[in-house]
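Trainee: The structure follows.
There are 2 protein chains.
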Amino acid sequence: MQVLATPKLRAPSIETVSIDLGERSYPIHIGQGLLGDPGSYDAVPRGSMAVIVSNATVAPLYAAALEAALKSRHRQVELVTLPDGEDHKDWTTLNLIFDRLLAVGADRKTVLYALGGGVVGDMTGFAAASFMRGVPFVQVPTTLLAQVDSSVGGKTGINHPRGKNMIGAFHQPLCVVADLDSLRSLPARELRAGLAEVIKYGPIADVPFLDWIEAHLDDLLAGDPAALRHAVRRSCEIKALVVGADERESGLRAILNFGHTFGHAIEAGLGYGVWLHGEAVGCGMAMAAALSSRLGLLAESDAQRLVRLIERAGLPVRGPALGADRYLALMRADKKAEAGEIRFVVLDGLGRAVLRGAPDDIVRQVLAQHGD
Amino acid sequence: MQVLATPKLRAPSIETVSIDLGERSYPIHIGQGLLGDPGSYDAVPRGSMAVIVSNATVAPLYAAALEAALKSRHRQVELVTLPDGEDHKDWTTLNLIFDRLLAVGADRKTVLYALGGGVVGDMTGFAAASFMRGVPFVQVPTTLLAQVDSSVGGKTGINHPRGKNMIGAFHQPLCVVADLDSLRSLPARELRAGLAEVIKYGPIADVPFLDWIEAHLDDLLAGDPAALRHAVRRSCEIKALVVGADERESGLRAILNFGHTFGHAIEAGLGYGVWLHGEAVGCGMAMAAALSSRLGLLAESDAQRLVRLIERAGLPVRGPALGADRYLALMRADKKAEAGEIRFVVLDGLGRAVLRGAPDDIVRQVLAQHGD
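Here is the structure:
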């Protein structure tokens, strides 16, 4: 007798990565069709008011679906739409959130939902940390960069003209809902910027993942759902391990800043929003790899391997011509600096990152090499 | 043989109240001559940069003494002078602190010192909570109000036009140094305002302390050092007990807000700085006592006893004519409100405070009684 294969109903495949922070632990749900599914938000208490914070680009695409999903959970759902872009990640824009919260009668139990990319997530998180000295919030990241990095780990904040993310708070969300479907609407430039943060996890912590990215980069660039799913999940797993071990960046967590010391200087030096954050990080990683090599920590061939991958991802590996003095001045304001000494995340071989200072003349050589 | 009594060197009498919050525990030192004594700051790690934040009134009086005391502990000591007054407790003024911190090269180990009254303490604390997502700070309160209330317990923040202290953080200091000598320079109006917060502790938690205040009010108003010392110490003891039991105001801590729901509405309604915070709280306590009585919780004679004490302290017991509708609208934005219902701290007999709602018509009667 022949057994007929019955067609399988594909259950929506959701993967959940847990971030372990004691009573502040929370789940990161990764999958397709999650954003509009009321079940994705089970970690949120019922009955309070919800305020969705989004931007002018993302709100028209996804706000209605999120509002519909939240209607059964919250007694009232409001939407605040911010201007889009890193150049709006400042106090003026943050105040739009506070103004609206007070206008609609938000209270200490009101839940904020960050619907958008890293800028929306960081600002909504800081608004949640500060409004009435702290209200709960949820991350609903719609960009690759936010799904693999900024929505996870509780770093929130705004920029200051002198430095990126200089004003902020550690404030963990109730949950993160990463809907892979939202990546379909992502412009190619934003996808590439997100890949910078994906690539990051390989050299700092996971060489097999680096190998996998090299092998699947074309799939990722083409938006292949299975490849993106693996990239998001593995990135979140690595980030969850690091943040679980060092929530407030007293040590280990700093490795997640690989490429960010140079990158933040590029962003602040050019003016926020000229380069995307991921573009600046991509170039910053190329510079940090070169620095690691010049410090004798990383084989030149490994540095070149990384630079080639960053280039293949369509990201810049040569920085803007700010001048080395300006780069150095901006980097001295970096949050990892101590007593004026810049501390770089460098690679001590592929798969291991360490924090250390570097002589100015070597940093200048790196900047010259990378197109200062 | 006759033993000659040797003249005793009077050791500087310092009293220390501990605030017990696990790893965030810290001491409150109370005494004379503390501000300029390097030993007062033993809880602060050595070697980092110090940034003193003060205002245009207090800095000329005490900044030099504090700077001198900190020279041996810190590698660099900077001073930021803000404009004075509650009307400057906003983002614009807060940004002056951030601008200066970045200009002088402050890092994550930089220690902020709040030298002044409640406004300086709340803003410095919020700047410390937010700068680079959190740096340590020390409270050096120079007003009675700050010594008995606002410098203790880690509530920090700024005002929003729609509500007092709406944006802020819980951020505990490394220590509090309450120098009683600084009260000598305090204008009489500020001393009276501070007495409002001293009086508060009696009816909410400690009837014998209420009796003591009634018996010693004239000494307190005259600035008698022994009376002030006792008032500061007992106030800090009560606040430490309450905050130690409920750091983030999930319950009990709200009792410290007795008089503040009405008081904050007065401050926001008149425009910040027209009445001093303590004046608004004094009047607010008279209103809250009347409300307690109308709700059948407090004997009318006890309410009158409290109102008489507030009046004797030279504080207002009749509110400004904002109109009952405006009072109610402002109070609905109060941080204790939930789903639009105002929750008042009322007295359930003298010495015991509880949180509860009240029908609008009874609140209107109270406002009419107290001069709306």
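Line order of the protein sequences matches chains A and U.
Going by this note's numbering, the residue at position 286 of the first sequence is 286; the numbering climbs one at a time, nothing skipped.
Going by this note's numbering, the residue at position 87 of the second sequence is 459; the numbering climbs one at a time, nothing skipped.
A virtual CB, placed ideally from N, CA and C, is assigned to each residue, including glycine.
1) Per DSSP, residue 719 of chain U is paired with what?
2) Suppose contacts are defined by Cβ-Cβ distances below 9 Å. Is residue 403 of chain U in contact with residue 552 of chain U by that definition?
3) Would you verify that the beta carbon of residue 710 of chain U is, or is not, closer than 9 Å to some beta carbon of chain A?
4) Among the residues of its own chain, which have a CB less than 8 Å from the CB of residue 617 of chain U, if the five just before and after it don't count?
5) Count the CB pairs spanning the region 629 to 639 of chain U and the region 589 to 596 of chain U that are closer than 8 Å, and state whether there are at least three.
6) Beta carbon of residue 66 of chain A, beta carbon of residue 102 of chain A: below 9 Å?
7) Compile a chain-ordered list of the residues in the region 322 to 348 of chain A whose CB is closer than 7 Å to at least one CB of chain U.
8) Answer yes or no: do residue 93 of chain A and residue 59 of chain A have a C-beta to C-beta separation smaller than 9 Å?
9) Which of the three DSSP states, helix, strand or coil, is assigned to residue 7 of chain A?
10) Leaving aside the five residues before and after residue 816 of chain U along the sequence, list all residues of the same chain whose C-beta is less than 7 Å from its C-beta, in chain order.
11) So, for residue 605 of chain U: in the same chain, excluding its five sequence neighbours on each side, which residues have a beta-carbon less than 7 Å away from its beta-carbon?
12) Below 9 Å between beta carbons: does that hold for residue 258 of chain A and residue 238 of chain A?
13) Buried or exposed for residue 505 of chain U, please, with buried defined as at least 16 other CB atoms from any protein chain shown within 10 angstroms of its CB.
14) In its own chain, which residues sit with a C-beta less than 8 Å from the C-beta of residue 171 of chain A, not counting the 5 before and 5 after it?
15) From the DSSP output, in three-state form, read off residue 542 of chain U for me.
16) State the start and end residues of the unbroken alpha helix (DSSP H) segment that holds residue 443 of chain U.
17) Does DSSP put residue 697 of chain U in a helix, in a strand, or in coil?
18) Going by DSSP, what residues sit across from residue 143 of chain A in a beta bridge?
19) Nearest CA to the CA of residue 447 of chain U: which residue from A:365, A:340, A:362 and A:345?
20) For residue 156 of chain A, name the three-state secondary structure that DSSP assigns.
21) Could you check if residue 385 of chain U is buried or exposed, using at least 16 other CB atoms within 10 Å of its CB as the buried criterion?
22) Check the DSSP bridge columns for residue 400 of chain U and list the partner residues they point to.
23) Applying the criterion that 16 or more other CB atoms from any shown protein chain within 10 Å of the CB defines a buried residue, is residue 379 of chain U buried or exposed?
24) So with Cβ pairs under 9 Å, would you call residue 246 of chain A a contact of chain U?
25) Check whether the Cβ of residue 481 of chain U lies closer than 9 Å to any Cβ atom in chain A.
26) Is the shortest distance between the beta-carbon of residue 447 of chain U and the beta-carbons of chain A less than 9 Å?
27) Against chain A, with Cβ distances strictly below 9 Å, would residue 675 of chain U count as a contact?
28) Comparing alpha-carbon positions, which option in A:290, A:347 and A:166 lies nearest residue 255 of chain A?
29) Do residue 118 of chain A and residue 149 of chain A have their beta-carbon atoms positioned less than 9 Å apart in this structure?
30) Within 9 Å (strictly less), CB to CB, does residue 137 of chain A reach chain U?
31) Determine whether the Cβ of residue 133 of chain A lies closer than 9 Å to any Cβ atom of chain U.
32) Compare the beta carbon distance of residue 689 of chain U and residue 742 of chain U with 9 Å and say whether it is the shorter of the two.
33) Within the 9 Å Cβ cut-off, does residue 627 of chain U reach chain A?
34) Between residue 212 of chain A and chain U, is there a C-beta pair that is closer than 9 Å?
35) What does residue 538 of chain U reach in chain A if we use C-beta pairs closer than 8 Å?
36) For the beta strand (DSSP E) containing residue 449 of chain U, name the first residue and the last one.
Mentor: By the coordinates alone:
1) Answer is U:725, bridged to residue 719 of chain U.
2) Yes.
3) Chain A contact via Cβ: present.
4) 624 and 625.
5) Here the region 629 to 639 of chain U makes no contact with the region 589 to 596 of chain U; the two share fewer than three CB pairs at distances below 8 Å.
6) Taking 9 Å as the Cβ cut-off, residue 66 of chain A and residue 102 of chain A do not qualify as a contacting pair.
7) In summary, the residues of the region 322 to 348 of chain A whose CB is separated from some CB of chain U by less than 7 Å are 332, 333, 335, 337, 338, 339 and 340, in the order they occur in the chain.
8) Not closer than 9 Å, so no.
9) Here residue 7 of chain A scores only 43 on pLDDT, less than 50, and its place in the model is too uncertain to base an answer on.
10) Past the edges of chain U, shown from 373 to 744, lies residue 816 of chain U, and the structure says nothing about it.
11) Scanning its chain for C-beta atoms nearer than 7 Å, with the 5 sequence neighbours on each side dropped, one finds around residue 605 of chain U the residues 387, 389 and 402, in chain order.
12) Cβ distance not < 9 Å, so residue 258 of chain A and residue 238 of chain A don't count as in contact.
13) Around the beta carbon of residue 505 of chain U, 16 or more other beta carbons lie within 10 angstroms, which makes this residue buried.
14) Same-chain partners within the cutoff: 125, 126, 128, 129, 134, 137, 154 and 156.
15) In the structure shown, residue 542 of chain U falls within a strand segment according to DSSP collapsed to helix, strand and coil.
16) In the DSSP assignment, residue 443 of chain U falls outside any alpha helix (DSSP H) and carries neither an H nor an E.
17) DSSP places residue 697 of chain U within a helical segment (H, G or I) once states are collapsed to three.
18) Answer is none; residue 143 of chain A lacks a bridge partner.
19) With distances taken between Cα atoms, residue 447 of chain U lies closest to A:340.
20) Reduced to three states, the DSSP call for residue 156 of chain A is strand.
21) Sixteen is the threshold: since fewer than 16 other Cβ atoms of the shown chains lie within 10 Å of the Cβ of residue 385 of chain U, the residue is exposed.
22) Per the DSSP secondary-structure output, residue 400 of chain U pairs in a beta bridge with U:389 and U:548.
23) With a pLDDT of only 43 at residue 379 of chain U, under the threshold of 50, the placement of this residue in the model should not be trusted; the figure read from the coordinates follows. Exposed: under 16 other Cβ atoms inside 10 Å.
24) Judged by the 9 Å Cβ criterion, residue 246 of chain A is not in contact with chain U.
25) Contact with chain A is found for residue 481 of chain U, since one of that chain's Cβ atoms lies less than 9 Å from the residue's Cβ.
26) Yes, residue 447 of chain U lies at the interface with chain A (some Cβ there is under 9 Å from its Cβ).
27) Under the 9 Å criterion on CB atoms, residue 675 of chain U is classed as non-interfacial with respect to chain A.
28) Of all alpha-carbon atoms in A:290, A:347 and A:166, the one lying nearest the alpha-carbon of residue 255 of chain A is that of A:347.
29) Their beta carbons are under 9 Å apart, which means residue 149 of chain A touches residue 118 of chain A by this criterion.
30) It does not; no Cβ of chain U falls within 9 Å.
31) Answer yes: the Cβ-Cβ gap between residue 133 of chain A and chain U drops below 9 Å somewhere.
32) Taking the C-beta atoms as reference points, residue 742 of chain U is found nearer than 9 Å to residue 689 of chain U.
33) Closer than 9 Å to the CB of residue 627 of chain U there is not a single CB belonging to chain A.
34) With 9 Å as the cut-off, residue 212 of chain A does not count as an interface residue toward chain U.
35) Within 8 Å Cβ-Cβ: 98, 102, 131 and 132.
36) In the DSSP assignment, residue 449 of chain U falls within the beta strand (DSSP E) that extends over 448 to 454.
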